[in-house]
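In my numbering, the protein residues as written are 632 to 908.
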C-alpha cells in the first residue's frame, strides 16, 4: 500500500538500499524557526529512506507488540497511564539522530533570552527517554496534549501526497480549511499557534510542555512519523531531588507493577480512531 502512494514514489522512486553505517549525523540540518521556540530538521534523502525502512521493518516484525501508555517512575517501575485503550508501536531503531538533533537545538537555544532554557548548561547531553512510531491512515489524529520531558521531536517519513499540494485558492482574506488537514499545531508561549506541514524528510523540535495536536486527513495514503521525547542529562537541583524522595516514600506501599520489557516511555497522549491491528 505504501509503495503505491504517489508521494512515496516521487520521493524515493525505487526504494534505495541505504547502508545505515555510512550515514553521517553531520549531514542533518537543524535551524530555528523564526519567531518561535521551535526548530526544523532537514534530513537527507538517504537518512529519510533509512529511517522509513527501519519503521516498516519494526511495524511488520512478528515480534512487534503494541505498547499501552505508561510512565516509568524513578525506580524503573512501569505504572499505568490512564488515557484509555491506546496502542502504540515502540521505536526500537537507532536513536542517535534524535539525540543529535536535540543537542543541536540546545546549542541554538542556549544564550537566547528565554526563561525556559536560562538554567540550561551547554555541555549537558540530550538523552532519548521515549520513542514510538505513529502510523496514521485516513481519519487518525492526535488531540491536544503535552509531554513531561524537556524536548519533543516529530520526524515525518511518509505523508499522503494530497497533503503536500498547494491548497485551493479562495477569495481574498479567506483561508481554506484544507491547509490544516494532516498538519501539526503547537501553541507558543505568547499564545499564538504555529502550524507545521508534514513534509517527508523533515522534523519539528519543540519544548515538551508545548500544547500541540495533529489533524486528521482525508483520502488515501499513510502518514508515518517517529515521535520522541528527550531529557537533559545532569543532576537534579535540590527541589527536584526532594520532590522525588517524597514521591518515592509515598509510593513504597503501592503494588509493584511488571518491569518494562522495552525502553522507557512516558506519554500523555490520548488516541482516538487509532487502528494498530
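Heads up, the beta-carbon is just placed ideally off N, CA and C, and yes, glycines get one too.
Reduced DSSP secondary structure (H/G/I, E/B, other) of residue 749 = As a working note, residue 749 is residue 118 in the chain shown. The pLDDT assigned to residue 749 is 46, lower than 50, so where the model puts this residue is not dependable; a value taken from the coordinates is nonetheless given after this. Three-state DSSP puts residue 749 in coil, outside helix and strand.
Reducing DSSP to helix, strand and coil, say where residue 648 ends up.
-> In the chain shown, residue 648 corresponds to position 17, counting from 1. Residue 648: coil per DSSP, three-state reduction.
Thinking just about the alpha-carbon of each residue, which of 784, 778 and 843 is nearest to the one in residue 772?
-> Along the chain shown, read from residue 1 onward, the residue named residue 772 stands at position 141. Among 784, 778 and 843, the Cα nearest to that of residue 772 belongs to 843.
Between 735, 658 and 758, which lies nearest to residue 670 when the distance is taken from Cα to Cα?
-> Translated into the one-based positions of the chain shown, residue 670 becomes position 39. When C-alpha distances from residue 670 are compared across 735, 658 and 758, the shortest belongs to 735.
What's the C-alpha gap between residue 765 and residue 789?
-> As a first step, residue 765 must be located in the chain shown, where it is residue number 134. As a first step, residue 789 must be located in the chain shown, where it is residue number 158. Computed Cα separation, rounded: 11 Å.
On a CA-only basis, which of 688, 732, 728 and 654 is nearest residue 720? Give me that one, please.
-> Locating residue 720 in the chain shown gives position 89, counting from the first residue. Residue 720 has its Cα closest to that of 688, out of 688, 732, 728 and 654.
Between the beta-carbon of residue 668 and the beta-carbon of residue 841, is there less than 9 Å?
-> Walking along the chain shown from the start, residue 668 turns up at place 37. Walking along the chain shown from the start, residue 841 turns up at place 210. Taking 9 Å as the Cβ cut-off, residue 668 and residue 841 qualify as a contacting pair.
Where in the stretch 833-859 do unbroken runs of the beta strand (DSSP E), each at least 3 residues long, occur, reported from the N-terminal end onward?
-> Entirely contained in the stretch 833-859, the beta strand (DSSP E) runs reaching 3 residues are, in chain order, 833-838 and 843-845.
Range of the contiguous beta strand (DSSP E) that encloses residue 816 = One-based indexing of the chain shown puts residue 816 at position 185. That run of the beta strand (DSSP E) goes 815-818.
For residue 854 versus residue 768, is the C-beta spacing smaller than 9 Å?
-> Position 223 of the chain shown, counting from 1, holds the residue named residue 854. Position 137 of the chain shown, counting from 1, holds the residue named residue 768. For residue 854 and residue 768, yes; Cβs fall inside 9 Å.
Answer with yes or no whether the minimum CB distance from residue 648 to chain C is below 9 Å.
-> Here chain C cannot be found, since the structure has a single protein chain.
Would a C-beta distance cut-off of 9 Å place residue 858 and residue 722 closer than the cut-off?
-> Within the chain shown, numbered from 1, the residue matching residue 858 stands at position 227. Within the chain shown, numbered from 1, the residue matching residue 722 stands at position 91. A contact, by the Cβ cut-off of 9 Å.
Buried or exposed: which applies to residue 681, given that a residue is buried once 16 or more other Cβ atoms fall within 10 Å of its Cβ?
-> Translated into positions along the chain shown, residue 681 becomes position 50. Within 10 angstroms of the beta-carbon of residue 681 lie 16 or more other beta-carbons, which makes it buried.
Element boundaries [alpha helix (DSSP H), containing residue 740] = Counting from 1 along the chain shown, the entry for residue 740 is found at position 109. Where residue 740 is concerned, the enclosing alpha helix (DSSP H) stretches over 727-740.
Taking all protein chains shown into account, do 16 or more other C-beta atoms lie within 10 angstroms of the C-beta of residue 694, making it buried, or fewer, making it exposed?
-> For this step, residue 694 is matched to residue 63 along the chain shown. Residue 694 should be labelled exposed.
How big is the Cα-Cα spacing for residue 648 and residue 847?
-> Sequence index remark: in the chain shown, residue 648 carries index 17 (1-based). Sequence index remark: in the chain shown, residue 847 carries index 216 (1-based). Rounded to whole angstroms, the separation of the alpha carbons of residue 847 and residue 648 is 31 Å.
Kindly indicate which three-state DSSP category residue 722 falls into: helix, strand or coil?
-> Here residue 722 refers to the residue found at position 91 of the chain shown. Residue 722: coil per DSSP, three-state reduction.
Reference residue 863; option with closest CA among 787, 781, 877 and 818 = Within the chain shown, residue 863 is the residue found at index 232, counting from 1. Closest by alpha carbon: 781.
Look at residue 757 and residue 861 and say whether their C-beta atoms are less than 9 Å apart.
-> For the purposes of this step, residue 757 is taken as residue 126 along the chain shown, with counting starting at 1. For the purposes of this step, residue 861 is taken as residue 230 along the chain shown, with counting starting at 1. In this structure, residue 861 lies closer than 9 Å to residue 757 by Cβ.
For residue 794, count neighbouring C-beta atoms within 10 Å of its own C-beta (all shown protein chains included) and say buried if the count is 16 or more, exposed if not.
-> By 1-based counting over the chain shown, the position of residue 794 is 163. Counting Cβ neighbours within 10 Å, residue 794 comes out buried, since at least 16 surround it.
For my contact list, residue 726 and residue 686 are in at a C-beta cut-off of 8 Å; report their separation, rounded to the angstrom.
-> Taking the first residue of the chain shown as 1, we reach residue 726 at position 95. Taking the first residue of the chain shown as 1, we reach residue 686 at position 55. So it is not a contact: roughly 13 Å between Cβ atoms.
Taking all protein chains shown into account, do 16 or more other C-beta atoms lie within 10 angstroms of the C-beta of residue 856, making it buried, or fewer, making it exposed?
-> Translated into the one-based positions of the chain shown, residue 856 becomes position 225. Burial call: buried.
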